[in-house]
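With numbering that gives the first Met the number 0, letter number 282 in the sequence shown gets 281, and the count goes up by one each step, no holes. I have placed the structure first, in the form of structure tokens, so that the comments after it can refer back to it.
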Amino acid sequence: MNGGPAMRRVISRLAVLLLSPVWGSLLACGGKIAFVSDGTSDYTIVLPKDATPAERRAAEELRTFLAQMSGASLPIVSEDRMPAAHRIFLGLGDSSRVLLRDLLQGPLGPEEFLLATKGQDLFVVGGRPRGTLYGVYALLEDQLGCRWYTREVSCIPKRSSVVLPRLRRCEAPAFEYREPFFAEAFDGDWAVRNRVNGMHAELDSSRGGKVVHFPFVHSFYQLVPPEKYFHEHPEYFTMVGGQRRGDHAQLCLTNPDVVRIATQQVCHWIEENPEIQVVSVSQNDWAGFCECEPCTQVNEAEGSPAGTLLRFVNAIADSVAKRYPWVRIETLAYTWSEKPPRYVKARPNVIVRLCHMSPACNVHSLYRNCPENRAYIEHLREWRNHAERIWVWEYTTDFKAYLMPFPNLDAVLHDPKFYRGHGVTGLFYEGSYPPGGGGEMAELRAWVLAKLLWNPNRDGRKLVHEFIRGVYGPAGKCVQEYVDLLHEQLGSSKLHLHLFAELEPDLLCPELLERADNLFRRARRAASGDSALLARVELAWLPVLYARLEMARRGYPGYLRGEEFARAAAEFVRIAKEHGIRRIRESGEAGNVERFIETLDFVGNPMRRCWVIGPFEIPHWPGLPIPFPPESGFDSAAVYTGTGGQAIRWQKWEASRSSYLDFVELFEPDTLGVAYAFARLWSPADTLVRFGLGSNDGVRAWVNGQVVHEKPIQRTALPNEDVFEVRLRKGWNEILVKVDQAGRSWGLYLSVDDLDGVFRWDWFP
């Protein structure tokens, strides 16, 4: 990344070009040039004497794809051995500079290129490190029809002759930093051919390199490690609730020693890693900004905790600018720092990366002025007054369920243009990034975003249609119908989905999922006979299978049951394993796809009615060891003393939608305590059965007065996280479950393995 005058000139030039409807088009200058005729060519590819690895790759790529297209293999020579005519100049060497002196008006930016014809010669020249390489891909893609949709699927048109019009085209990307953050986008060849430059892609110097960060965000404890400093200097770390904290918190940003130590660490990183272009000085990924008196005074004056943050970052940036003027300091405007300060402005060498986190709607375009996004849009506009360079961290998946059908193309297709119009210069789109990939329509989103991050004026819908045709071939019509069906359902549901959305029955209703399943069965038939195409279709089908299975696991009525569930589970397991998918959510053991698969042989009959009571007060977590009266026996008329001295009694609960028993909806306060659920389960015989249980947080279960399961834990409740065997007696069995609460969500899933539907839950026998 080059932050100097050349980049500013390129961005200024691009701003003018973006106002024209012919941006990116070829300017015909009369006549055409045939580079290949009937499979033969007398053209030579010419490189500068000092060609970089990226320019040498550009030559090899051009020769390779022209040969794949036409069968003609062009020689590659240095400019000191070039022929007198019929030349394709790649890169700015001595010869091309002389020949183009009437066209070049100054240095080209690091990713800017010029495509031009003069006489019978073609020039593809660009700034270093990536301009020439990107120019070759632009020539192959935009003029000759080559496409690199995925790591495995490309389209190289076959033609015996390769003819170009006279042209003159100068182009630079709309954004200096472009990163579709999907596992499918990390492949170096895919990334460079689609002209993205994010740090996580495998982009070595032969591929032009990339924007190099060190470290990558949430860096406070790397700057000032608590294990090194907290014991002797707790004042270096945040004060929260009157106590200094060195764990899961932040730094004290007004402490001059913290500024000094952090600055020294940044300089050390740059010395040790001279390729660094961007250093992260950014808050940790949790709450706990400092509440000490000096920090509070600054934040109150600035109207936001971003006040102390930006002053701290500026102090480091000032020192870095003197020693390393090419390095940028990046910080996050994230959660507690998203709101900009009133007065302080970022130094010119500071990048503010604004995160579209919460509150947020991640499926509706920012152009729609969705009420969930209004505060964020206002913050974006305000940050423009406080920073010359703004990058954005966008979210384009559901972290709770990478495989959930997530109809967010409205945002994907339109928001890059919105951001460009609001002065944003870099975009990071976080998708499903863990190894193995496989997130819902991840390859489609990655490719479409790559196109729009280069030129946000492109028609996104046409890009989607093109990708689906190119990747799914004869099955594409059914896949397109599925994509349209899902987005139409979102429109009629009026839902707002964010990056931690739960599966929504108003979106993923049984009727929609059945229609989607039928579309993919038709798509599979259309793909029969082509194993590679069938595999791609089945990967696109996997989220539909996941949604049907997960809605059933969560006890929503109308979804798969019995043998239908078992058949869908078998299909899911086969496809997930064939594609090497490893995770279905971002974090935790529950996100491991193998753990999810283990639960699919459990065909649950969920508890949908029970008695509940709570909250009982506990002095601290865990609360499982503390006994309360319900453990002595169920009495529906009993009244007990709960949290804060309130009188609590048993109340009936019946599921209206999913079988999740949400204690937060039932009890106040819901921050720390214990609750109980009691139900009766009828069994047709004395038998050994399996129970599936998921809780938030710790759980203990009794059957007929005997403890059968216990797990002290803090976690998110998911169906069948714990599976355990219990012997039931014939007739009615008493089930009691205790769940403690450490904070935030609080609830319970409980079901019995019941493929044949012979067990029955109820309040009374």
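Virtual Cβ for every residue (Gly too), placed ideally from N, Cα, C.
query = Hey, which unbroken runs of the alpha helix (DSSP H) at 4 residues or more fall wholly within the segment 195 to 277?
reply = 219 to 222, 225 to 228, 255 to 271
Pair within 8 Å by beta-carbon distance, Leu279 and Leu308 = For the sequence presented, residue 279 should be read as Ser rather than Leu. No, these two residues do not count as a Cβ contact at 8 Å.
key: Reduced DSSP category for Lys117 - H, G, I as helix; E, B as strand; rest coil   = strand
task = Give me the Cα-Cα distance between Ile328 and Asn348, rounded to the nearest whole angstrom.
result = 6 Å
task = Can you give me the start and stop residues for the beta strand (DSSP E) that Thr598 sits inside?
result = Run containing Thr598: none in the beta strand (DSSP E); it sits in the alpha helix (DSSP H), 592 to 598.
query = At which residues does the alpha helix (DSSP H) containing Glu60 begin and terminate?
reply = 52 to 69
request  = Put Ile617 into one of helix, strand or coil per three-state DSSP.
outcome  = coil
message = Is Pro718 close to chain D? Criterion is C-beta to C-beta, closer than 8 Å.
response = Absence of chain D from the displayed structure is noted, only one protein chain being present.
task = Round the Cβ separation of Thr262 and Ser318 to the nearest angstrom and send it over; I've been treating them as touching at under 8 Å.
result = That belief holds up - the Cβ atoms of Thr262 and Ser318 are roughly 5 Å apart, short of 8 Å.
ask   = Do you know offhand how far Trp390's Cα is from Arg55's?
value = 31 Å
request  = Answer yes or no: do Glu537 and Leu623 have a C-beta to C-beta separation smaller than 8 Å?
outcome  = no
task = Find out if the Cβ-Cβ distance for the pair His385, Ala345 is shorter than 8 Å.
result = yes
task = Take every Cβ of the segment 354 to 373, pair it with every Cβ of the segment 406 to 414, and state whether three or more of those distances are shorter than 8 Å.
result = yes
query = Is DSSP giving Trp681 helix, strand or coil here?
reply = strand
Those runs of the alpha helix (DSSP H) which lie wholly inside the segment 595 to 677 and span at least 4 residues = The segment 595 to 677 contains, as complete alpha helix (DSSP H) runs of 4+ residues, the segments 662 to 665 (chain order).
message = Whole angstroms are fine: how far does the CA of Glu513 sit from the CA of Gly144?
response = 37 Å
inquiry  = Considering only their Cβ atoms, is the gap separating Leu443 from Leu484 smaller than 8 Å?
reply    = no
message = I need the DSSP call for Leu502, collapsed to helix, strand or coil.
response = Coil at Leu502, not helix or strand.
ask   = What does a CB cutoff of less than 7 Å around Phe758 pick up in its chain, not counting 5 residues either side in sequence?
value = Asn604, Leu680, Trp681, Ser682, Val751
request  = For the alpha helix (DSSP H) containing His385, list its first residue and its last residue.
outcome  = First-last for His385: undefined, no H or E at that position.
Stretch pair the segment 444 to 451 + the segment 172 to 182: three plus CB contacts closer than 8 Å = yes
request  = Determine the direct distance from the alpha carbon of Ser635 to that of Thr642, and round the result to whole angstroms.
outcome  = If I take the Cα positions, the gap works out to 19 Å.
inquiry  = One question on the structure: do Thr116 and Arg168 come within less than 8 Å of each other, judged by their Cβ atoms?
reply    = no
Best match in Ile734, Ile583, Asp661, Ser492 for proximity to Glu630 [C-alpha to C-alpha] = Ile734
ask   = Is Trp649 buried or exposed, if buried means 16 or more other CB atoms sit within 10 Å of its CB?
value = Buried, since its Cβ has 16 or more Cβ neighbours within 10 Å.
query = With 16 as the cutoff for other CB atoms within 10 Å, does Gln282 come out buried or exposed?
reply = Gln282 is buried by the Cβ-count criterion.
request  = With DSSP collapsed to three states, give me the class of Ser694.
outcome  = strand
request  = Mind the definition here: the segment 38 to 45 touches the segment 78 to 96 only if three or more C-beta pairs lie below 8 Å; say whether that holds.
outcome  = yes
key: Spatial distance of Ala676 from Asp661 (CA atoms)   = 11 Å
query = Closest to Gln843 by CA distance: which of Glu501, Val162, Cys154, Ile647 is it?
reply = Here the chain comprises residues numbered 0 to 764, so residue 843 is not present and cannot be evaluated.
query = What does Gln740 pair with, by DSSP beta-bridge criteria?
reply = Paired residue(s): Gly672.
request  = Can you give me the Cβ contacts of Pro20 inside the same chain, cut-off strictly under 8 Å, excluding the 5 residues immediately before and after it?
outcome  = Because the pLDDT of Pro20 is 29, which lies under 50, any placement of that residue in the model is unreliable, and the number read from its coordinates should be weighed accordingly. Contacts found: none.
key: Nearest-angstrom beta carbon gap, Ile467 and Gly475 [assumed within contact, 8 Å]   = 5 Å
ask   = Going by DSSP, which residues form a beta bridge with Gly730?
value = According to DSSP, Gly730 bridges with Ser682.
task = Using a threshold of 8 Å, state whether the C-beta atoms of Val663 and Ser744 are closer than that.
result = yes
inquiry  = Suppose the cutoff is 8 Å on Cβ atoms and the five residues either side in sequence are ignored; what does the same chain contact list for Asn719 look like?
reply    = Arg552, Thr598, Phe601, Gly603, Gly691, Leu692, Gly693, Tyr748, Ser750
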